[in-house]
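Report on the structure given below.
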Amino acid sequence: MAEEVVTCRRVSRTYAEEAVPVHALCRVDFELAAGEWVSLAGPSGSGKSTLLHVIGGLDQPTEGSIVVDGVEITGLAAADLSDLRLHKIGFVFQAYNLIPVLSALENVEFILQLQGVGRAERRQRSLETLDSLGIPELADRRPGEMSGGQQQRVAIARAIVTNPVLLLADEPSANLDTATTEELLDVLRNLNRSRGVTIVTATHDPMVMGYTSRQVNLRDGRVVTTGS
Amino acid sequence: MTRETGPPGGDPENSRSEFSNAPARGRNRIPVRLLLQFSWRNLWRHRRRNGILLSAIAVAVAGVLLLNTLLRGMQYDMMNTAIDNLTGHVKVLAPGYLDDPGIERGFDTPPDWQQVLDPDAVEGWAARIRVPAVIMSERETRGIQLVGIDPEQESISFLHTAAIEGERLTGRGDRRLVIGQRLADDLATLPGRRLVLVTQGADGRTREAGFRIAGIYRAEMSLVESAFVFTGRDALQDLLGTGDVTEISVRLADAPREAETMAALATAFEDLDVLSWRQLEPQAATMVAFADTSIYIYFLIVMGALVFGLVNTLVTAVMERIRELGMLRALGMRPRSVVAQVVTESSLIMATGVAIGIAVAGGVFSLVADGIDLTAFDDSLASFGMRPIFVPVVEATDVVLVAVMSLALGLVASFYPARRAVKIKPLEALQRR
Numbered sequence: 000m001a002e003e004v005v006t007c008r009r010v011s012r013t014y015a016e017e018a019v020p021v022h023a024l025c026r027v028d029f030e031l032a033a034g035e036w037v038s039l040a041g042p043s044g045s046g047k048s049t050l051l052h053v054i055g056g057l058d059q060p061t062e063g064s065i066v067v068d069g070v071e072i073t074g075l076a077a078a079d080l081s082d083l084r085l086h087k088i089g090f091v092f093q094a095y096n097l098i099p100v101l102s103a104l105e106n107v108e109f110i111l112q113l114q115g116v117g118r119a120e121r122r123q124r125s126l127e128t129l130d131s132l133g134i135p136e137l138a139d140r141r142p143g144e145m146s147g148g149q150q151q152r153v154a155i156a157r158a159i160v161t162n163p164v165l166l167l168a169d170e171p172s173a174n175l176d177t178a179t180t181e182e183l184l185d186v187l188r189n190l191n192r193s194r195g196v197t198i199v200t201a202t203h204d205p206m207v208m209g210y211t212s213r214q215v216n217l218r219d220g221r222v223v224t225t226g227s
Numbered sequence: 000m001t002r003e004t005g006p007p008g009g010d011p012e013n014s015r016s017e018f019s020n021a022p023a024r025g026r027n028r029i030p031v032r033l034l035l036q037f038s039w040r041n042l043w044r045h046r047r048r049n050g051i052l053l054s055a056i057a058v059a060v061a062g063v064l065l066l067n068t069l070l071r072g073m074q075y076d077m078m079n080t081a082i083d084n085l086t087g088h089v090k091v092l093a094p095g096y097l098d099d100p101g102i103e104r105g106f107d108t109p110p111d112w113q114q115v116l117d118p119d120a121v122e123g124w125a126a127r128i129r130v131p132a133v134i135m136s137e138r139e140t141r142g143i144q145l146v147g148i149d150p151e152q153e154s155i156s157f158l159h160t161a162a163i164e165g166e167r168l169t170g171r172g173d174r175r176l177v178i179g180q181r182l183a184d185d186l187a188t189l190p191g192r193r194l195v196l197v198t199q200g201a202d203g204r205t206r207e208a209g210f211r212i213a214g215i216y217r218a219e220m221s222l223v224e225s226a227f228v229f230t231g232r233d234a235l236q237d238l239l240g241t242g243d244v245t246e247i248s249v250r251l252a253d254a255p256r257e258a259e260t261m262a263a264l265a266t267a268f269e270d271l272d273v274l275s276w277r278q279l280e281p282q283a284a285t286m287v288a289f290a291d292t293s294i295y296i297y298f299l300i301v302m303g304a305l306v307f308g309l310v311n312t313l314v315t316a317v318m319e320r321i322r323e324l325g326m327l328r329a330l331g332m333r334p335r336s337v338v339a340q341v342v343t344e345s346s347l348i349m350a351t352g353v354a355i356g357i358a359v360a361g362g363v364f365s366l367v368a369d370g371i372d373l374t375a376f377d378d379s380l381a382s383f384g385m386r387p388i389f390v391p392v393v394e395a396t397d398v399v400l401v402a403v404m405s406l407a408l409g410l411v412a413s414f415y416p417a418r419r420a421v422k423i424k425p426l427e428a429l430q431r432r
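Here the protein sequences line up with chains A and B, keeping their order. Residue numbers for the first sequence follow numbering that gives the first Met the number 0, beginning at 0 and rising by one. Residue numbers for the second sequence follow numbering that gives the first Met the number 0, beginning at 0 and rising by one.
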């Protein structure tokens, strides 16, 4: 059996800001093996995005344990979580979230700059990544000069250029039309199959679910079904 | 709660090595070059807002700098006027002379007294007799200060450079008068005419004598023109029946050596008072000291007001970009790097504004560097010891001080918005619309 990249044990996340606590996640158990592409599915408020966020260290569970690539991440300080995200996790957001004042190449290079990679190496790796995603011609364009699909591809390039152990994508197709979504999913499938990138997508898009190797369904913060 | 493996430790430096397979140097620290590149481009992102902010900073800095040049100009003007008007940097007087000036408070100069002076520190000196007197023309009578001088020694006073209608005094034996233009107007007299002087001699008796006018001088202050009447020192000593002088005025080439020179003169004139220009012209000295303080007060008022605007604008800018900053945090940028970015951006705005402000101030200054004509306010200015042509003065230390203090204020002001930026969790920031 492949090595586990993510292991969640009895993970709960309760929001206590209102008078009545909201249980976004209730004692969720979840494992992810290296090379898998899993979709977290479920209706709005089911907890799929929350699970994605706690796995990515963007949110902290109120209870339970999360191990990412051998590191227990619950209770880590903000700076340590930053390091974890920088070195182990790639993020693809629904709203692309590229830096508007940087070109596509600079957006991809940026993450390598944070890692302290030298100028020549990061330039080469960034160009190669853009090339592998079929968008070398976008290198000098800024986000405002690109379509939504193009921006999402650049966001994926930024997420994988560091060779992360895990790629987290939150509703990656939400702002894209069907044709562009299909192109994007082909890119992710290619990354998953040819480069062995482990992917988790939170989505309610059936087209996305159709591409993944496993589907975990959530409802009211609990895992209700899981299967291929 | 169960844990399969322990956390990597509380020390961020240790934890970093566990997560990273990247080179150790510069890991997860935003590089300075990227920081500056980012900040510079963000400057151009909101052109109108940053333009307004830059204008406000530039105007404030230029305003403070120009105000400084005026205050420094006023300071130098008052100081030089006080020193030029027969005071010098240091003066030797008989005790009580300032309260009751008269020839009875004259003194004899010991031979070779000037040996105590360091030639490198002293520009020149003048021994004079100065007594109160009454001067009369055919039409008018005025009270004046009658000053007996050696014209060769007066290179240290305004008389040396003053424009003269008629002739200058030719030597200390010259028994003619040089009077001011204002007094000449009051007395309705001209060069070549005779005036009568009445004063008290060394024996206490009234002395009266007729003097012919050699020339009429023009001073920068009309008060001076109406106050001082000059004649040869020997001629005045003859009139007063004495060989004494009432003052020795010393002008320094090296002003910081004032105390040292005063100490040297005190050894040569043990029974006399050795006073600095600050003691002799306390009003001017106070104004000079006030100018120093004023520069800081004006700076704090103007820049203090600006800082509130700066903080407000920076907070707005941070809040507008909170999603972007949250995304940077989500991608792995450490909180301190976010602080560094916000602080760098505001520092860049401040530095650019300061540079523009200095350039604007330099441009305006070049237009008024030769002086501002305030002759319409001559009498009012004279009461403050100022000349009617007001020359602003730039001191490099003032420019550096304003620039450094502005940047320091900008730095301090940027920490509040920076703190706001990192207090928001990445996820909250990303979820903001």
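Cβ atoms here follow ideal geometry from the backbone N, Cα and C, with glycine treated the same way.
Counted within 10 angstroms of its Cβ, other Cβ atoms place residue i as buried (16 or more) or exposed
i	result
L187 (chain A)	buried
V223 (chain A)	exposed
G95 (chain B)	exposed
A178 (chain A)	exposed
M77 (chain B)	buried
V244 (chain B)	buried
W36 (chain A)	buried
P118 (chain B)	exposed
A158 (chain A)	buried
W43 (chain B)	exposed
S43 (chain A)	exposed
G331 (chain B)	buried
As assigned by DSSP and simplified to three states, the class of residue i
i	result
D28 (chain A)	strand
A77 (chain A)	helix
P22 (chain B)	Bear in mind that a pLDDT of 37 at P22 (chain B), under 50, signals an unreliable position, so the model cannot answer this.
K90 (chain B)	strand
F298 (chain B)	helix
L165 (chain A)	strand
F268 (chain B)	coil
Y95 (chain A)	coil
M77 (chain B)	helix
S212 (chain A)	coil
Y415 (chain B)	helix
P118 (chain B)	coil
Q150 (chain A)	helix
D202 (chain B)	coil
A208 (chain B)	strand
W276 (chain B)	helix
T241 (chain B)	coil
D184 (chain B)	helix
T169 (chain B)	coil
Span of the alpha helix (DSSP H), counted from its first residue to its last, around residue i
i	result
Y14 (chain A)	No alpha helix (DSSP H) contains Y14 (chain A), which is instead part of the beta strand (DSSP E) from E3 to Y14.
G361 (chain B)	P334 to V367
N84 (chain B)	Premise fails: N84 (chain B) is in no alpha helix (DSSP H) and is neither H nor E.
Q114 (chain B)	Note, Q114 (chain B): premise wrong, no alpha helix (DSSP H); not H, not E.
E105 (chain A)	A103 to L113
A226 (chain B)	S221 to A226
Residues that residue i contacts on chain A, provided the C-beta gap is smaller than 7 Å
i	result
R328 (chain B)	S81
I29 (chain B)	L113
N41 (chain B)	V100
M332 (chain B)	S81 and L113
E323 (chain B)	I98
Residue interval of the beta strand (DSSP E) (run including residue i)
i	result
T200 (chain A)	I198 to T202
M145 (chain A)	Where M145 (chain A) is concerned, there is no enclosing beta strand (DSSP E), given that its DSSP letter is neither H nor E.
Q144 (chain B)	T140 to I148
Within chain B, partners of residue i - CB distance below 7 Å
i	result
H52 (chain A)	L426
F90 (chain A)	A329 and L330
Chain-ordered neighbours of residue i on chain A, where CB pairs are closer than 9 Å
i	result
F289 (chain B)	Correct list: empty, because the minimum Cβ distance to chain A is about 48 Å.
R44 (chain B)	P99 and V100
Contact test: residue i Cβ vs the ligand ZN heavy atom, cutoff 6 Å
i	result
I88 (chain A)	Absence of the ligand ZN is noted for the structure shown, with no ligands found whatsoever.
Partners in chain A for residue i, counting only beta-carbon separations shorter than 8 Å
i	result
L33 (chain B)	F109 and Q112
F364 (chain B)	The contacting residues do not exist; F364 (chain B) stays about 36 Å from chain A at best.
Under 8 Å from the C-beta of residue i: neighbouring residues of chain B
i	result
R84 (chain A)	A329, L330 and G331
Interface positions of the segment 57-76 of chain A facing chain B (Cβ-Cβ less than 7 Å), listed along the chain: L57, D58, E62, G63, S64, V66, G69, V70, E71, G74, L75 and A76
Chain-ordered residues of the segment 46-77 of chain B with a beta carbon less than 9 Å from chain A: none
Residues, ordered as in the chain, of the segment 396-429 of chain B that lie near chain A by beta-carbon distance below 9 Å: V421, K424, P425, L426 and L429
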